[in-house]
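Chains as they are written, first to last, in our numbering: chain A, 1 to 111; chain B, 1001 to 1116. Built from N, CA and C at the ideal position, the CB exists for glycine as well.
Right under this line is the structure:
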């Protein structure tokens, strides 16, 4: 079962612009992760934010988490054509046993 | 990071045949492995969780007799799609967790199954 929804479903921007993707989830979590998937490929882990953290940075990525709203956002700054991919948020259930994925956002960065 | 492989990467089969997909952790022992399926332009849907040496736990709506999962060793799990039909055509992805950080799992590159 899917944990939540992502918004937008698809996003098309110009190279150099920032891309913001949002994710909402339904249940209590231990942490939230963001993954990237190139078309027809496996997933690459981007960043993890714990339930007691509000913001985290990694290179051009900035992730926020609002547990009161059960939502997270992923910001990619100064986007590049190579950032074109699908981005998924994922949450671990409170047992920490399995990971449930959001619906994903398909990002297309035009050169 | 740790490496997980899948084999085959792509398979085409006739309706009614069975297909086995292997998932291997190459440089760590995978205490838990997960199988997901992904339809085009959709998210990953968890199918089942398997622990080495025990029966897999299937998600609601996943037919255990249709999707046979075996986790015979700490480095290998297999998913067999029995009597495959065109609606089973999908992208199947495995992931593995070791004994390290609880949240950390490593994904295989996926297997594209096409049933004619």
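Quiz item: What separation, rounded to the nearest whole angstrom, lies between the Cα atoms of residue 18/A and residue 12/A?
Solution: Working through the first chain from its first residue, we reach residue 18/A at position 18. Working through the first chain from its first residue, we reach residue 12/A at position 12. Distance between the alpha carbons of residue 18/A and residue 12/A is about 11 Å.
Practice problem: Give the secondary structure of residue 1063/B by DSSP, where H, G and I count as helix, E and B as strand, and everything else as coil. | Solution: The sequence position of residue 1063/B within the second chain is 63, counting from 1. Coil, per DSSP.
Exercise. Return the CA-CA distance between residue 1039/B and residue 1091/B, expressed in angstroms with no decimal places.
Key: Stepping through the second chain from its first residue, residue 1039/B is reached at position 39. Stepping through the second chain from its first residue, residue 1091/B is reached at position 91. Rounded to the nearest angstrom, the two C-alpha atoms are 6 Å apart.
Quiz item: Would residue 1097/B be called buried (16 or more neighbouring beta carbons within 10 Å of its own) or exposed?
Solution: Along the second chain, one-based indexing puts residue 1097/B at 97. Residue 1097/B should be labelled buried.
Practice problem: Indicate the three-state DSSP secondary structure (helix, strand or coil) for residue 83/A in the structure shown. | Solution: One-based indexing of the first chain puts residue 83/A at position 83. Note: residue 83/A maps to helix in three-state DSSP.
Quiz prompt | Three-state secondary structure (DSSP) of residue 1027/B | solution = Counting from one through the second chain, the residue named residue 1027/B turns up at place 27. Coil, per DSSP.
Exercise. Following the continuous beta strand (DSSP E) through residue 1101/B, name the residue where it begins and the one where it ends.
Key: What you label residue 1101/B is simply residue 101 of the second chain in a count that begins at 1. No beta strand (DSSP E) holds residue 1101/B; DSSP gives it neither H nor E.
Quiz item: By Cβ distance below 7 Å, which residues in the same chain neighbour residue 84/A in space, the five residues on each side in sequence not counted?
Solution: Start at 1 with the first residue of the first chain, and residue 84/A comes out as number 84. Within the same chain, residue 84/A has close Cβ partners 107, 108, 109.
Quiz item: Would DSSP call residue 5/A helix, strand or coil?
Solution: For the purposes of this step, residue 5/A is taken as the residue at position 5 of the first chain. Of the three classes helix, strand and coil, the one that applies to residue 5/A here is strand, per DSSP.
Quiz prompt | Simplified DSSP state of residue 55/A, which is helix, strand or coil | solution = Your numbering for residue 55/A matches position 55 in the first chain. Here residue 55/A sits in strand by DSSP.
Quiz item: With contact counted as at least three CB pairs below 8 Å, one residue from each stretch, are the segment 1056-1069 of chain B and the segment 40-50 of chain A in contact?
Solution: no
Exercise. Step through the CB atoms of chain B and report whether any lies within less than 8 Å of the CB of residue 1/A.
Key: Counting from one through the first chain, the residue named residue 1/A turns up at place 1. With a pLDDT of 42 at residue 1/A, under the threshold of 50, the modelled position of this residue cannot be trusted; read the value that follows with caution. Yes - at least one Cβ of chain B is within 8 Å of the one on residue 1/A.
Quiz item: Taking only runs of the beta strand (DSSP E) that begin and end inside the segment 1032-1082 of chain B, which ones reach a length of at least 3 residues, in chain order?
Solution: 1032-1038, 1044-1051, 1067-1073, 1076-1081
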